[in-house]
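For what it's worth, full-length UniProt numbering labels the leading residue of the sequence shown as 1, then goes sequentially. Glycine included, C-beta positions come from ideal geometry on N, C-alpha and C. Since the model is a prediction, treat every value here as computed from it, not as a measurement. See structure below.
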Amino acid sequence: MFSVGLEESQKNHVSLPSVPPNILPIIIDFIYSGEILIDKINVQPLLIAADMLQLKELIVGCTEYLKGELHNTNALGIFRFAEAHNCTDLAHEALEHALGNWKHIAHGDELLDLPFQHLITILSSEQLTVDSEAQVLYSALRWLEHDPAARRRHCFEVLAHVRLPLIAPHILDEAVKSLQDPSIAVALKTAGVDMKTGRGALVPLGAEPRAKARRVMLVVGGSSRHSGTHPPLASDDILSSVLKFDLHKREWEELAPMEIPRIQPGVVTLNGCVYAVGGEQGSKILANGEVYEPQTNTWSSISPMKEARCEFGLTAWKGCLYAFGGWVGSDMGASVEVYDPLSDEWTIIGKMPEPRFGMGVVNYQGIIYIVGGCTPTWRYTRDLLSYNPSTGAWCSLANMKHARNQVTAVVLDHHLYVIGGNAPGPTVLSSVERYSFENESWEEVSQMRSARAGCAAGAAHGVLVAAGGNSEHSADRAFYRALVTLASVEVYEPRDNCWREAAPLPHGLAEAGAALL
1 MFSVGLEESQ
11 KNHVSLPSVP
21 PNILPIIIDF
31 IYSGEILIDK
41 INVQPLLIAA
51 DMLQLKELIV
61 GCTEYLKGEL
71 HNTNALGIFR
81 FAEAHNCTDL
91 AHEALEHALG
101 NWKHIAHGDE
111 LLDLPFQHLI
121 TILSSEQLTV
131 DSEAQVLYSA
141 LRWLEHDPAA
151 RRRHCFEVLA
161 HVRLPLIAPH
171 ILDEAVKSLQ
181 DPSIAVALKT
191 AGVDMKTGRG
201 ALVPLGAEPR
211 AKARRVMLVV
221 GGSSRHSGTH
231 PPLASDDILS
241 SVLKFDLHKR
251 EWEELAPMEI
261 PRIQPGVVTL
271 NGCVYAVGGE
281 QGSKILANGE
291 VYEPQTNTWS
301 SISPMKEARC
311 EFGLTAWKGC
321 LYAFGGWVGS
331 DMGASVEVYD
341 PLSDEWTIIG
351 KMPEPRFGMG
361 VVNYQGIIYI
371 VGGCTPTWRY
381 TRDLLSYNPS
391 TGAWCSLANM
401 KHARNQVTAV
411 VLDHHLYVIG
421 GNAPGPTVLS
431 SVERYSFENE
441 SWEEVSQMRS
451 ARAGCAAGAA
461 HGVLVAAGGN
471 SEHSADRAFY
481 RALVTLASVE
491 VYEPRDNCWR
501 EAAPLPHGLA
511 EAGAALL
């Protein structure tokens, strides 16, 4: 201010209206001595003044002090303060604390005074840690009802960031009845009707649990075999079981079994339910499917696919299921069909560039990715394809380093992970590759402790889980069948690039599907 030729350098008196009288002497002492006592009372005005006077050391000191003071009762306030004064690092840490402790913070007073845009930042975050989406709904309604006159105009924009399809209808009905403001109640009821009728004008229809809300992985169906047994599978080797793995407790629990045993079904989560479709039962390839309701722990049938298929790709996008290729009848298939749960109907919408089965399929930011597998040309492939369901366009991307089929693919932290699989030799792989969506390139990460193909896998809370799979690979006609199934489970943490053993499955299994709830 005084050394670079600014107007103040020519004045005898300089006004600093934004610096409180009790703060300026403390700052002057700091400039001369390099020492300062920061406390709860002076930290915010000190930081404001330090920012204005460009005292970087003092800014860092105040920022670190506030980071150390972060608590459920002040995280939102510190986030707002940091945002207002462009303290990016502090704002990030305060927001991270709020998102990670939301089920406690949502009951506090700071939520009630949160500006609209900050509320949207929180409600739209994948990192919002809650036990259920109902907690997010109650947060939104609590904010709206705190000042209904000023906030009711934001009703639909706020509700658009609550994943209403994941909330049970009776909870929505109870929420409507509990509201004091008639306008907000009507808005919530209207959003519910929009969702139930499948219009999607007010509420996004395709909803998956937030990344930080996914607490369990379901392993569905599959086969169980021991050394010395050979194809064909006996009926008691084919499983209808559903096993739940708690990602926090690292424990297994058995849930209600499917209505039909299935090998290599397509399994995916949509709107808070788990769908198991197709697969194989003995020598019969299946077209039928069923849906699991977690709140009642029950399965019910859905309409069959147009084509029976096993070892195919299944994913969800915008409220519908997408099925790709697979083993169809006595040959590989290339067809793509879509299931609408509102009409309970399947529709064939096109074909893949070539028939394929044994591949991994994931959805990332509205683009569906298909990796590896077996084609009429190649028994093991390195391919990575992308499919845009909005336009129907296919695109070839960078190849994996290793050709493989019967792979498992999952998305974790903006990367596509491809786990194990079968390779030429014949060989069962322990290698794991990941594809960066940002850099469009592959790299290898640490190998699993056990080689496995056809394992069940899921990713959430910053870790990847690989369960079961087969450890022996035949080169004959039934090369895609498990010979010996594994019970072992491994957990991968990217931060240290390490696989660690976890609680094993109750029994060995492979060729199962997996979904996160």
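Give the DSSP-derived three-state secondary structure of residue i in the structure shown.
| i | result |
| --- | --- |
| residue 162 | coil |
| residue 435 | strand |
| residue 310 | strand |
| residue 452 | coil |
| residue 478 | Unreliable positioning characterises residue 478 in this predicted model, as indicated by a pLDDT of 49, which lies under 50. A coordinate reading is not provided. |
| residue 527 | Here the chain comprises residues numbered 1 to 517, so residue 527 is not present and cannot be evaluated. |
| residue 258 | coil |
| residue 540 | Outside the displayed range of the chain (1 to 517) lies residue 540, so it cannot be described from this structure. |
| residue 385 | strand |
| residue 62 | helix |
| residue 374 | strand |
| residue 192 | helix |
| residue 270 | strand |
| residue 466 | strand |
| residue 168 | coil |
| residue 427 | strand |
| residue 483 | coil |
| residue 53 | helix |
| residue 335 | strand |
| residue 94 | helix |
| residue 471 | coil |
| residue 340 | strand |
| residue 398 | coil |
| residue 129 | coil |
| residue 284 | strand |
| residue 20 | coil |
| residue 201 | coil |
| residue 367 | strand |
| residue 150 | helix |
Classify residue i: buried if its beta carbon has 16 or more other beta carbons within 10 angstroms, exposed otherwise.
| i | result |
| --- | --- |
| residue 97 | buried |
| residue 222 | buried |
| residue 323 | buried |
| residue 195 | buried |
| residue 508 | buried |
| residue 376 | exposed |
| residue 434 | buried |
| residue 436 | exposed |
| residue 41 | exposed |
With residue i as the anchor, note down where its beta strand (DSSP E) starts and where it stops.
| i | result |
| --- | --- |
| residue 498 | 498 to 502 |
| residue 302 | 298 to 302 |
| residue 327 | 320 to 328 |
| residue 441 | 441 to 445 |
| residue 415 | 415 to 419 |
| residue 361 | 360 to 364 |
| residue 490 | 489 to 493 |
| residue 407 | Here residue 407 belongs to no beta strand (DSSP E), and DSSP marks it neither H nor E. |
Bridge partners for residue i per DSSP, in chain order?
| i | result |
| --- | --- |
| residue 43 | None; residue 43 has no bridge partner. |
| residue 289 | 277, 302 |
| residue 251 | 246 |
| residue 393 | 388 |
| residue 217 | 245, 516 |
| residue 357 | 374 |
| residue 223 | 238, 510 |
| residue 88 | BP columns for residue 88 are empty, so no partner. |
| residue 177 | BP columns for residue 177 are empty, so no partner. |
| residue 72 | According to DSSP, which records beta bridges pairwise, residue 72 is partnered with nothing at all. |
| residue 316 | 321 |
Tell me the residue span of the alpha helix (DSSP H) that contains residue i.
| i | result |
| --- | --- |
| residue 141 | 133 to 146 |
| residue 121 | 116 to 123 |
| residue 348 | Run containing residue 348: none in the alpha helix (DSSP H); it sits in the beta strand (DSSP E), 345 to 351. |
| residue 32 | 24 to 33 |
| residue 83 | 75 to 84 |
Mind checking if residue i is an interface residue toward chain C, Cβ cutoff 7 angstroms exclusive?
| i | result |
| --- | --- |
| residue 440 | The structure shown has no chain C; it contains just one protein chain. |
Report whether the distance from the Cβ of residue i to the nearest heavy atom of the ligand MG is below 6 angstroms.
| i | result |
| --- | --- |
| residue 416 | Summarising the ligand content, the structure contains no ligands, and the ligand MG is consequently not present. |
Cβ pair count under 8 angstroms reaching 3, the stretch 209 to 216 against the stretch 434 to 446: no
Cβ contact check for the stretch 125 to 138 and the stretch 88 to 104: 3 or more pairs under 8 angstroms: Yes, the stretch 125 to 138 is in contact with the stretch 88 to 104.
At least 3 beta-carbon pairs within less than 8 angstroms: the stretch 104 to 112 vs the stretch 174 to 186: Segments in contact, no.
Given 8 angstroms, three or more beta-carbon pairs between the stretch 158 to 173 and the stretch 261 to 276: Enough Cβ pairs lie closer than 8 angstroms, so yes.
Validate contact between the stretch 255 to 267 and the stretch 489 to 502 using beta carbons, cut 8 angstroms, 3 pairs: no
Any 3 or more C-beta pairs closer than 8 angstroms across the stretch 334 to 349 and the stretch 290 to 307: yes
At least three beta-carbon pairs within less than 8 angstroms, the stretch 359 to 375 to the stretch 313 to 328: yes
Inter-stretch contact (C-beta, 8 angstroms, three-pair minimum) for the stretch 46 to 60 and the stretch 21 to 36: yes
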